[in-house]
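The sequence shown begins at 445 in full-length UniProt numbering and counts up by one. Written out below as structure tokens is the structure these notes cover.
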Amino acid sequence: LLLENDLRIALELGQFRLVYQPLVDLSQDHLVGVEVLLRWQHPQKGEIPPSEFIPLCEENGFILPLGEWVLRNACRQMKSWHDLGLPPIVLSVNLSIRQFRQHDLCARIEKILSETGLPPRWLELEITESIMADVTYATEMLKQLKKLGVRISIDDFGTGYSSLYYLKRFPIDKLKIDRTFVDEVLTDRNDAAIVSGISAMALSLEIKVTAEGVENEGQVAFLKELKCQEAQGYYFSKPVPPDQFQSLYELDK
Ligand code: G
Ligand code: G
Ligand code: MN
Ligand code: NA
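This is how it looks when you write it as structure tokens:
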């Protein structure tokens, strides 16, 4: 059983670490971004996956300090890669609904960006459709975030509070097609139609699109045919520690 106190201690003892998974442009086969994902290296229990501790963190509010730790560390890491002379790429960070609901979120992000020196245009916040439950608040917050200069993507697109209404109304830069649609895109006609439909819609709305969970060459070929711009998944790389990601990044230069 995980307790709130374990989380606090884990953060103090440095048991959380970040792994990085590339986002690839399909038309040019090159690296365009990276998603940062949290891992908990527990001294006794081994690696605890986010699915086991993020929900608890959401519940007890620990996601606020933890999410801020993720943002600060990942921004610092990306800035240091840019400083090495590597071609700039976009850093995607998952933002929990709890963080999104903080009224001073913009000020907090602005502070992290100025402390780390990462220009806002290289930071992308991944939010889920659940933020749309409060349309008035979401509209205002997204407006503020765009003013700050960061990018916004909708994660797990198609699985949640899907309304096409907000695509027109909100300043969204990217849709990330949930991997449940990508998984069987080659064998399930409905999934193929959904991925194809989302890609076409995004293209005409001038919103970028990323297919998540791409695991094989067949999927890559199919996505290219659909003019899906970007992809992410084990086919390219699993989420890896920063030194391993840096090697991939340097190869792409
Ligand atoms: O890495 P993995 O596939 O196990 O991640 C599982 C889930 O945990 C994903 O849905 C992802 O959005 C979430 N997650 C991973 N890292 C973070 C993080 O830093 N912040 C938040 N809020 N969620 C994360
Ligand atoms: O919800 P979110 O998109 O943030 O979750 C990303 C999660 O998806 C990460 O935990 C990552 O480990 C996982 N993931 C990334 N690529 C693949 C893939 O190709 N296949 C599967 N099954 N999971 C993946
Ligand atoms: Mn994500
Ligand atoms: Na997702």
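C-beta: ideal position from N, C-alpha, C; glycine also.
Verify the contact flag: residue i, CB atom, against every heavy atom of ligand 1, threshold strictly below 6 Å.
i	result
residue 495	yes
residue 403	Nothing in the structure corresponds to residue 403, since the chain is present only between 445 and 697.
residue 540	yes
residue 556	no
residue 498	yes
residue 534	no
residue 594	no
residue 514	yes
Per DSSP, which one or two residues make a beta bridge with residue i?
i	result
residue 490	486
residue 598	571, 619
residue 481	463
I'd like the list of long-range same chain contacts for residue i, defined as Cβ closer than 7 Å, with 5 residues on each side in sequence excluded.
i	result
residue 629	635, 636, 639, 663, 666
residue 683	463, 464, 465, 481
residue 517	462
Excluding the 5 residues preceding and the 5 following residue i in the sequence, name in chain order all residues of the same chain whose CB lies nearer than 6 Å to its CB.
i	result
residue 542	502, 507
residue 519	556, 560, 562
residue 595	568, 617
Suppose the cutoff is 8 Å on Cβ atoms and the five residues either side in sequence are ignored; what does the same chain contact list for residue i look like?
i	result
residue 583	613, 614
residue 491	483, 484, 485
Could you please go through the chain and list the residues whose beta-carbon is closer than 7 Å to any non-hydrogen atom of ligand 2?
-> In chain order, the qualifying residues are 465, 479, 481, 494, 538, 570, 599, 600, 620, 623, 656, 657, 658, 659, 676, 677, 678, 679, 682, 683.
task: Counting only runs of 4+ residues fully inside the region 547-578, write out the alpha helix (DSSP H) ranges in chain order.
output: For the region 547-578, the full-length alpha helix (DSSP H) segments reaching 4 residues or more read 549-560 along the chain.
Taking only runs of the alpha helix (DSSP H) that begin and end inside the region 487-541, which ones reach a length of at least 4 residues, in chain order?
-> You should have 494-504, 507-527.
inquiry  = Just to confirm the assignment: which complete beta strand (DSSP E) runs, minimum length 3, are found wholly within the region 450-477?
reply    = DSSP runs (the beta strand (DSSP E)) wholly in the region 450-477: 460-469.
Ignoring anything shorter than 3 residues or poking outside the region 621-690, list the beta strand (DSSP E) runs there in chain order. Runs of the beta strand (DSSP E) inside the region 621-690: 652-655.
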